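Heads up: the sequence shown at position 246 corresponds to 237 in the numbering used here, and the numbers run straight through without jumps. Contents: one structure, followed by commentary.
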Amino acid sequence: MTKPSETPGVSGDDLVAMDEKYVMRPWPHPPGEPVIVARAKGCVITDVHGKDYLDFTAGYFVNNAGHCHPRIVEAATQQLHQVLQVSGKHGTIPTVQLAKRLVDLAPKTIDKAFFSTGGSEANEFALKMARQASGKTDVAFLENAYHGLTLGSLEVTHAEPYRKTAGRPLGDYTFAIPNAYCYRCKLSTPDKCAVECLDGVEAKLAARPTAAILAEPIQSVGGLAPPQKWWDKLDGIRKKLGLLLILDEVQTGLGRTGKMFGLDHYGLEPDILVGGKGLSGGVGSLAVTCASDAVVSKFFGGTTPTSGGNAVSSAAGLALIETLLDEHLIDNAAAMGKHFAAAVWALNDPWIGDVRFTGLLGGVELVADRATKDVLPKKLVGAVKDHLHTNGMLITVSGTYGNVLRLQPPLSITAGQIDQLVAALREALSTVRQGV
Ligand SMILES: Cc1ncc(COP(=O)(O)O)c(C=O)c1O
-8 MTKPSETPGV
2 SGDDLVAMDE
12 KYVMRPWPHP
22 PGEPVIVARA
32 KGCVITDVHG
42 KDYLDFTAGY
52 FVNNAGHCHP
62 RIVEAATQQL
72 HQVLQVSGKH
82 GTIPTVQLAK
92 RLVDLAPKTI
102 DKAFFSTGGS
112 EANEFALKMA
122 RQASGKTDVA
132 FLENAYHGLT
142 LGSLEVTHAE
152 PYRKTAGRPL
162 GDYTFAIPNA
172 YCYRCKLSTP
182 DKCAVECLDG
192 VEAKLAARPT
202 AAILAEPIQS
212 VGGLAPPQKW
222 WDKLDGIRKK
232 LGLLLILDEV
242 QTGLGRTGKM
252 FGLDHYGLEP
262 DILVGGKGLS
272 GGVGSLAVTC
282 ASDAVVSKFF
292 GGTTPTSGGN
302 AVSSAAGLAL
312 IETLLDEHLI
322 DNAAAMGKHF
332 AAAVWALNDP
342 WIGDVRFTGL
352 LGGVELVADR
362 ATKDVLPKKL
372 VGAVKDHLHT
382 NGMLITVSGT
392 YGNVLRLQPP
402 LSITAGQIDQ
412 LVAALREALS
422 TVRQGV
């Protein structure tokens, strides 16, 4: 039966069928996906059948101030009447202003901003800048890291299934060093940790012509926030060896972690700082590679990305930053992350192994057994996700073992909306368990 449509002249079912027929997707999608969205406002999205979802993906961690925030819509609309796009060789008023805003907000090591159109591309520019500035070829990245899907960014992405998508062997100029997956640490316990996971890393970095370490301050895949001493040790090693630090804040930036940047949790001062996702306020296609004067002085880009620094996205990005600050959304992210963690732990569910939130970055790691920490099989994790989905909670799954429910709503989420998710999670976990 044809369901009512949110769009005049074409039914929801027809749109879903057209999507299936004409739109190419990167993987076979699970039941209930894709959700074809007709409208979105704040933390709620409405699909073409009129079904509402609380969006715990924030449009893939982009709409930090909530979907279609009036201030962002207004800024983008005003800009639409002024100028849309000029060559990256030139500039527009909002793009210049956004560059200044970002440099002002970033640590003192950052002096200039280079705009491109997506996080993967911005990371590729970071790799180029680091190599050009240092005259060295190799870049270290963290185990479990995701830095994008283009060929260059895949070389600093760890998971084999992603790397394989290149369809050919990736280059030899990048290598992985350990991340801080403290929940599954086999070397120590939190109270006795002497950051043993980084033993041997100095020698590994020194043995090659290493230009830089590229990392997220807090690893988004799985929501892994290292302890301060982990970053102190790694940063100390890289300073001793004279390596550049590239921080990928595509996901951790712009308030998501309860501070403006993830680096603010650790006092890190990168040579290169990468941003994207929320930077466009949801208007899309805006990313940035910021760098120190020392790096900038050696940078030769060759040419500019055609639409890098799009005027409408920049105007929206500026409005996003002011909205985050004026509406105290970064403080809200910090408070709601704590509320979320407490509420999920309070479920005391045997499948909940770990709850990790830094602000609103993170989620819930599901295990089959709390004592052994055996990973909950993917099929069951998928069933929990599907159950939430059916009940109007849009989430994604992430983590090294694909067992982390990633719960990253807009930063404007309320405690009441989080409580709705937690209630739905309680039901989803017990329903799926009963079926085992
Ligand atoms: C940390 C991080 N870096 C880079 C990227 C790639 O960004 P994009 O998808 O805009 O190319 C992502 C995307 O999820 C990301 O999470």
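By construction, the Cβ of each residue, glycine as well, lies at the ideal position given by its N, Cα and C atoms. Fair warning: this is a prediction, and the values are worked out from it, not measured in the lab.
If you follow the alpha helix (DSSP H) that residue i is part of, which residue opens it and which one closes it?
| i | result |
| --- | --- |
| ASP492 | It is not possible to answer for residue 492, since the shown part of the chain is limited to -8 through 427. |
| ASP377 | 369 to 381 |
| TYR51 | 49 to 52 |
| PHE116 | 110 to 125 |
Can you tell me the Cβ-Cβ gap for residue i and residue j, rounded? I've got them flagged as a contact below 8 angstroms.
| i | j | result |
| --- | --- | --- |
| ARG247 | LEU352 | 5 angstroms |
| ALA203 | LEU236 | 7 angstroms |
| LEU420 | ASP340 | 5 angstroms |
| LEU264 | CYS281 | 4 angstroms |
| VAL130 | THR100 | With a Cβ gap of about 18 angstroms, VAL130 and THR100 do not count as contacting. |
| PHE52 | LYS268 | 6 angstroms |
In angstroms, rounded to a whole number, what distance separates the CA positions of residue i and residue j?
| i | j | result |
| --- | --- | --- |
| ALA198 | VAL372 | 41 angstroms |
| ASN135 | GLY0 | 46 angstroms |
| LEU45 | CYS34 | 6 angstroms |
| PRO181 | TYR392 | 21 angstroms |
| ASP10 | HIS20 | 12 angstroms |
| GLY308 | ALA90 | 10 angstroms |
| LYS329 | GLY354 | 12 angstroms |
| TYR172 | GLN219 | 13 angstroms |
| PRO368 | VAL358 | 8 angstroms |
| HIS380 | ILE404 | 18 angstroms |
| LEU402 | ALA29 | 22 angstroms |
| ALA302 | ALA56 | 19 angstroms |
| PRO261 | GLU207 | 11 angstroms |
| ALA332 | ALA104 | 35 angstroms |
| LEU316 | VAL241 | 19 angstroms |
| ARG435 | LYS289 | Because the chain is modelled from -8 through 427, residue 435 falls outside the range shown and cannot be assessed. |
| GLY244 | LYS12 | 36 angstroms |
| VAL14 | ALA185 | 50 angstroms |
| LEU515 | PRO200 | The structure shown does not extend to residue 515, since the chain is modelled only from -8 through 427, so no value can be given for it. |
| ASP95 | ASP102 | 9 angstroms |
| PRO22 | ILE228 | 47 angstroms |
| ASP360 | GLY293 | 54 angstroms |
| GLU24 | TRP18 | 11 angstroms |
| LEU320 | ASN394 | 29 angstroms |
If you follow the beta strand (DSSP E) that residue i is in, where does it begin and where does it stop?
| i | result |
| --- | --- |
| GLU356 | 352 to 360 |
| THR387 | 387 to 389 |
| PHE166 | 165 to 168 |
| VAL35 | 35 to 38 |
Out of the options, point me to the one whose CA is closest to residue i's CA.
| i | options | result |
| --- | --- | --- |
| LYS80 | PHE106, ALA56, ARG159 | PHE106 |
| MET251 | THR201, ARG30, GLU313 | GLU313 |
| LYS224 | THR422, GLY213, LEU259 | LEU259 |
| THR128 | ALA117, LEU379, GLU418 | ALA117 |
| ASN323 | GLN76, HIS40, ILE409 | ILE409 |
| GLY390 | PRO400, VAL375, ASP377, VAL366 | VAL366 |
| ASP377 | ALA406, ALA415, PHE348, GLU356 | ALA415 |
| SER211 | GLN73, GLY383, PHE348 | PHE348 |
| CYS59 | LYS364, ALA278, GLY272 | GLY272 |
Cβ contact check for the stretch 335 to 347 and the stretch 291 to 310: 3 or more pairs under 8 angstroms
no
Counting Cβ pairs, one atom from each stretch, are 3 or more of them under 8 angstroms apart for the stretch 67 to 75 and the stretch 275 to 289?
no
Counting Cβ pairs closer than 8 angstroms, one from the stretch 139 to 154 and one from the stretch 178 to 193, do we hit at least three?
no
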